[in-house]
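There are 2 protein chains.
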Amino acid sequence: MNSTNHEARVQHEGLREKIMSAEEAASFVQNGMNLGIAGFTGAGYPKFVPTAIANRAKKAHANGEEFGIGMLTGASTAHDCDGVLAEANCVNFRAPFQSDPAMRNHINAGETHYVDMHLSHFEQQVRFGFYGDMDIALIEATAITPEGKIIPSMGIGTNNQWLKSAKKVIIEVNARQSMKLENMHDIPEDIGEPPHRQPIPIVDPANRIGTPYLECDLDKIVAIVMTDAPDRNSKFADPDEKSKKIAAQIIDFLEHEVKKGRLPKNLLPLQSGVGNVANAVLMGLQDSPFDDLMGYTEVLQDGMLDLVLSGKMTSASATALSFSPDALQRFNDNIDFLRNKLILRPQEFTNHPEVIRRLGIIAMNAMIEADIYGNVNSTHIMGTKMMNGIGGSGDFTRNSHFSFFVSPSTAKDGAISAIVPMVSHHDHTEHDVMFIVTEQGFADLRGKSPRQRAKAIIDNCSHPDYRPMLQDYYDRAAKAGGLQTPHILNEALSWHQRFVETGDMRIK
Amino acid sequence: MNSTNHEARVQHEGLREKIMSAEEAASFVQNGMNLGIAGFTGAGYPKFVPTAIANRAKKAHANGEEFGIGMLTGASTAHDCDGVLAEANCVNFRAPFQSDPAMRNHINAGETHYVDMHLSHFEQQVRFGFYGDMDIALIEATAITPEGKIIPSMGIGTNNQWLKSAKKVIIEVNARQSMKLENMHDIPEDIGEPPHRQPIPIVDPANRIGTPYLECDLDKIVAIVMTDAPDRNSKFADPDEKSKKIAAQIIDFLEHEVKKGRLPKNLLPLQSGVGNVANAVLMGLQDSPFDDLMGYTEVLQDGMLDLVLSGKMTSASATALSFSPDALQRFNDNIDFLRNKLILRPQEFTNHPEVIRRLGIIAMNAMIEADIYGNVNSTHIMGTKMMNGIGGSGDFTRNSHFSFFVSPSTAKDGAISAIVPMVSHHDHTEHDVMFIVTEQGFADLRGKSPRQRAKAIIDNCSHPDYRPMLQDYYDRAAKAGGLQTPHILNEALSWHQRFVETGDMRIK
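Set out below in structure tokens:
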């Protein structure tokens, strides 16, 4: 990187004088500060300054000094952000979502307090002061215009909020991000304070309601760090047989609803969570009879990109672009074609219940486990350990037109059943869950009582190894007490306890 | 009742010819039919035809014939509707809310399938066909205009939906309801089908966005039954000491937020669930420093009525009016003053996440129990038996600006703790619950991790009899496994099991 690059990327002269090293920028971060950091599903997070902060923390700890921060982001970042800070043991508090192995270990070891929060609520809760003062915003940008407007990179996340609420701002300008990202983003004006808010005027996933730039008081910008590094760009595994079976059932159901006249021929706007099953559904739609599809999702990944590239999907709205290396290449090669078809919004708008409910989204999200009554655990392993977090699954599940939870029926070579008597942690309740799909089958829970749901889930979704065990539990529970939701209280979580003790939910 | 009354109440000549007895009207109801019945919190439900249907069912059963119906309402009704139908054992299916002792018994005995559903979602789910075809609408009206427009009575509930979706319509015209109710209701046009919906233009609780009348295809009206009977009109108990203590803490908190500049001086629109504690808060506001209050709630009861009558509250929006006999008298005596200050809307609008989130409601709802991590059970006794249902508590809790859950810290003379290691049923998860208040104290859970929440709830909200037991559970759980949400899986529900076995959660 050289000064020509500086001029091309930081076009505002005054701000160019704020360019400094990551180490110098990290010196603004002090023990006890709250940092609002960019990043959404491994896209658009800062890549250099977090390591510099981590090094400060290690040095302080080596000197016997305290050094800990609050780390608030859009969603997950990557090893060079969450990972390095967790390894330096300097994150006292983390919100609202993470998926990094080192951060997860620190959370589950009790070293980091973690608030796992709906992504649609988080931004306004920051604004309302639920998380205290925000000291520093640390975001990534593609470039800064001569007027000081900030061109975001591969994600928006909570950046708009961090720029507004933080006292000081540090910007990483990443030369690796395409300058042609300009105009792909849509940053609305402030949503206002209750009770004087107006409707959000998004009535179509393709609507743009704001400007393509982030802005802030330029005097708050204390440092600009030039970087040149890729996003996380995790490789996708090709869909396995189980994922393909799950995807095929969802597509069959949607075809059936179209035939019955209950869904438009181009379906409704699609939301897809992260993971192989969700990706398999999107790949399956490539060969489906549906055309003119619309995307309205948090994270746009390979499957949805290819639907737009093939012309199957006319537009897609998201909060971040998170691609495999191959898909990133296809994205950059076709960015002129894509730029007016993809829209990146702040997560407060993408995940807003008002917009999701109005548009009537079809939502597909992965789960860890479901119970026989249709409650879903999206976050905790055996009730106590955090995996990643609820993310936007609650926003989409509660407010969507159709909502699918998907998982293979077993994990760990069959030692764990994804269908259990009672989930060990509740993220989505019986009131919110409509469809559960495993490679074994499809349970339609709409309009069903808990006892009717139990039959649908046990018969259709459970693995044959566990089906008789579930039926036996249900039959005995139905003799034991109240019949709205039959349970045997001292046995309801015994499958998880057995796994903790023996490594297998099955009785040996 | 005489024919003069008929002419005054049923002003449409053609419809006057449809006047018949409740028994004749009930003859339209056949075994296996789905009925959409009016009623919301003991207001505006049909009072005569349900008994006639129950008598038909009893007769059929005595003859060895099957006779069962699906009973879908707005929310709860009263003994002369839910009660008589349950006692005739003719309700195969019930949704989305009930609170009748006989109905509850049938549900918990497994004789009635009950879908306990968010009130904001129910109406659109009916429209989308989740509950199958609707055969008959059975609603209550105050009167019918010469043009055949229907003046609703003390509640709207789901009536608009029933009139649209049912094949046949039966209307009870209740001469007991004041003719001056005309123009108090606000029925918006259809909300439309996704993805072509527009924003709901309610930006102030006092906005009217529709017409004051219900309408339907008049050819669908097969029967009109003249009635003259009161609503449920349950008497309110005066707030006890515990309710007053809970109310005082909430009002103190709101005063503090106003002082800090984080709430407007007239607060934000208030939602209040049913019950003595909620009523105590509203009574407490009568003597508070706040003026120009706004109400935005499902059920408007005595406490909120008196705030409007005293001038403390400028307007109140609700879906039903449910008063004690004394309050009903005050309402009728002052109806000219009240008519443009009270607005009754369909529950799909009152409880809509779009409107609740936009307006920034302050929500107060009762709970059965909360656990140390802030999960709340609003519906089930000891995990298996249905009490009433979730009602609108999920709609308001998830989407409100501030959301309080309130309960005395113990029940059954101390044998039940309202704070437990793990709730026996999850209706509102850790992601949604902000404040828990008992007579012992106030737990502010905002921005806190599960371990921080546990400290706040155990220290502030639990009863001294149970506090050491809860602390002991937490301390042992924190040594046992993952520290995001410490639990001992085979002990988490043991308090409930102990109560089932011994009648007391305490160890004897």
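Going line by line, the protein sequences match chains G and Z. Per this note's numbering, the first sequence starts with residue 1, numbered consecutively. Per this note's numbering, the second sequence starts with residue 509, numbered consecutively. C-beta atoms are modelled at their ideal positions from N, C-alpha and C, and glycine is treated no differently. It should be emphasised that the depicted structure is a prediction, and the values quoted were computed from it without experimental measurement.
1. Can you tell me whether I156 (chain G) is helix, strand or coil according to DSSP?
2. Does the beta carbon of M509 (chain Z) come closer than 7 Å to any beta carbon on chain G?
3. Put N174 (chain G) into one of helix, strand or coil per three-state DSSP.
4. Spell out whether any CB of chain G is found under 7 Å from the CB atom of H614 (chain Z).
5. Identify, in the order they occur along the chain, each residue of the same chain with its Cβ nearer than 6 Å to the Cβ of M642 (chain Z), setting aside the five sequence neighbours on each side.
6. Could you check if R684 (chain Z) is buried or exposed, using at least 16 other CB atoms within 10 Å of its CB as the buried criterion?
7. Could you give the distance in angstroms between the alpha-carbon of D204 (chain G) and the alpha-carbon of S400 (chain G)?
8. Output needed for L762 (chain Z): all residues of its chain with C-beta closer than 7 Å, excluding positions within five of it in sequence on either side, in chain order.
9. Which complete alpha helix (DSSP H) runs does the region 65-111 of chain G hold, if anything under 4 residues is left out?
10. Using the three-state DSSP reduction, which class does F122 (chain G) fall into: helix, strand or coil?
11. Strictly below 8 Å CB to CB, what residues from chain G border A1000 (chain Z)?
12. Within the 7 Å Cβ cut-off, does G360 (chain G) reach chain Z?
13. Assess, as a yes-or-no matter, whether the region 51-61 of chain G is touched by the region 366-377 of chain G under the definition of 3 or more beta carbon pairs within less than 8 Å.
14. Ignore the nearest five residues each way along the sequence and tell me which others in R506 (chain G)'s own chain have a CB closer than 6 Å to its CB.
15. Whole beta strand (DSSP E) runs in the region 763-848 of chain Z with 3 or more residues, listed along the chain?
16. Closer than 8 Å by C-beta to M509 (chain Z): which residues in its own chain qualify, once you throw out the five before and the five after it? Chain order, please.
17. Output needed in chain order: residues of the region 960-992 of chain Z with a Cβ under 7 Å from some Cβ in chain G.
18. Would you please verify whether the beta carbon of S780 (chain Z) is less than 7 Å from any beta carbon of chain G?
19. Please work out which residues of its chain come closer than 6 Å, Cβ to Cβ, to E999 (chain Z), disregarding the five sequence neighbours upstream and downstream, and give them in chain order.
20. Per the DSSP calculation, F910 (chain Z) is bridged to which residue(s)?
21. Near S310 (chain G), what residues of its chain come up, given a Cβ to Cβ distance below 7 Å and the 5 sequence neighbours on each side ignored?
22. Might you give, ordered along the chain, the residues of its own chain that have their beta carbon closer than 8 Å to the beta carbon of A415 (chain G), omitting 5 neighbours on each side?
23. Strictly under 7 Å for the Cβ-Cβ distance: is S673 (chain Z) near chain G by that measure?
24. Kindly indicate which three-state DSSP category Y45 (chain G) falls into: helix, strand or coil?
25. Report yes if the CB atom of S386 (chain G) is closer than 7 Å to the CB atom of Q669 (chain Z), and no otherwise.
26. Excluding the 5 residues preceding and the 5 following E257 (chain G) in the sequence, name in chain order all residues of the same chain whose CB lies nearer than 7 Å to its CB.
27. Please classify M509 (chain Z): does DSSP put it in a helix, a strand, or coil?
28. Between the Cα of E648 (chain Z) and the Cα atoms of Z:S925, Z:G665, Z:E655, which residue gives the shortest distance?
29. Closer than 6 Å: is that where the CB of H626 (chain Z) sits relative to any heavy atom of the ligand ZN?
30. Return the Cβ separation of F536 (chain Z) and A731 (chain Z) in integer angstroms, given the expectation that the two are a contact with Cβ distance under 8 Å.
31. Is I898 (chain Z) close to chain G? Criterion is C-beta to C-beta, closer than 7 Å.
32. Given a limit of 9 Å on CB to CB distance, which residues of the region 912-937 of chain Z reach chain G?
33. Would you please verify whether the beta carbon of P353 (chain G) is less than 7 Å from any beta carbon of chain Z?
34. Label L74 (chain G) either buried or exposed according to how many other C-beta atoms from any shown protein chain fall within 10 Å of its C-beta, with 16 as the threshold for buried.
35. S407 (chain G) and T438 (chain G): beta carbons closer than 7 Å?
36. So is P854 (chain Z) in contact with chain G if we call contact Cβ pairs under 7 Å?
Taking the coordinates as given:
1. It is coil, neither helix nor strand.
2. Annotation note: pLDDT 49 at M509 (chain Z) (below 50); position unreliable, no value reported.
3. strand
4. no
5. Setting aside the 5 residues that flank it on each side, M642 (chain Z) is surrounded in the same chain by N542, G544, S673, A674, each with a C-beta closer than 6 Å to its C-beta; the list follows chain order.
6. exposed
7. 15 Å
8. L771, L775
9. Listed in chain order, the complete alpha helix (DSSP H) runs (minimum 4 residues) inside the region 65-111 of chain G are 84-87, 101-108.
10. helix
11. The contacting residues are G383, L493.
12. With a threshold of 7 Å between beta carbons, G360 (chain G) makes contact with chain Z.
13. no
14. none
15. 778-780, 801-804, 821-826
16. Per-residue confidence for M509 (chain Z) stands at a pLDDT of 49, beneath the threshold of 50, marking its modelled position as unreliable; the derived number appears in the next sentence. In chain order, A683, M734, D736 place their CB closer than 8 Å to the CB of M509 (chain Z), counting only its own chain and leaving out the 5 sequence neighbours on each side.
17. Q960, G989, G990, L991, Q992
18. Taking CB atoms only, S780 (chain Z) has no neighbour in chain G less than 7 Å away.
19. none
20. Z:I870
21. Q286
22. Closer than 8 Å at Cβ, skipping near neighbours: F499, G503, D504, M505, R506.
23. no
24. coil
25. It should be noted that the sequence gives Met, not Ser, for residue 386 (chain G). No. Outside cutoff.
26. Cβ neighbours of E257 (chain G) beyond the five flanking positions: L263.
27. Below a pLDDT of 50, predicted positions are generally treated as unreliable, and M509 (chain Z), at 49, falls in that range; the measurement from the model is reported next regardless. Three-state DSSP puts M509 (chain Z) in coil, outside helix and strand.
28. Z:G665
29. Absence of the ligand ZN is noted for the structure shown, with no ligands found whatsoever.
30. 6 Å
31. Yes, because at least one Cβ of chain G sits closer than 7 Å to the Cβ of I898 (chain Z).
32. Interface annotation for the region 912-937 of chain Z against chain G: M930, V931, S932, H933, H934, D935, H936, T937, criterion Cβ-Cβ distance under 9 Å.
33. yes
34. Reading the sequence as shown, one finds Gly at residue 74 (chain G) and not Leu. It counts as buried.
35. yes
36. no
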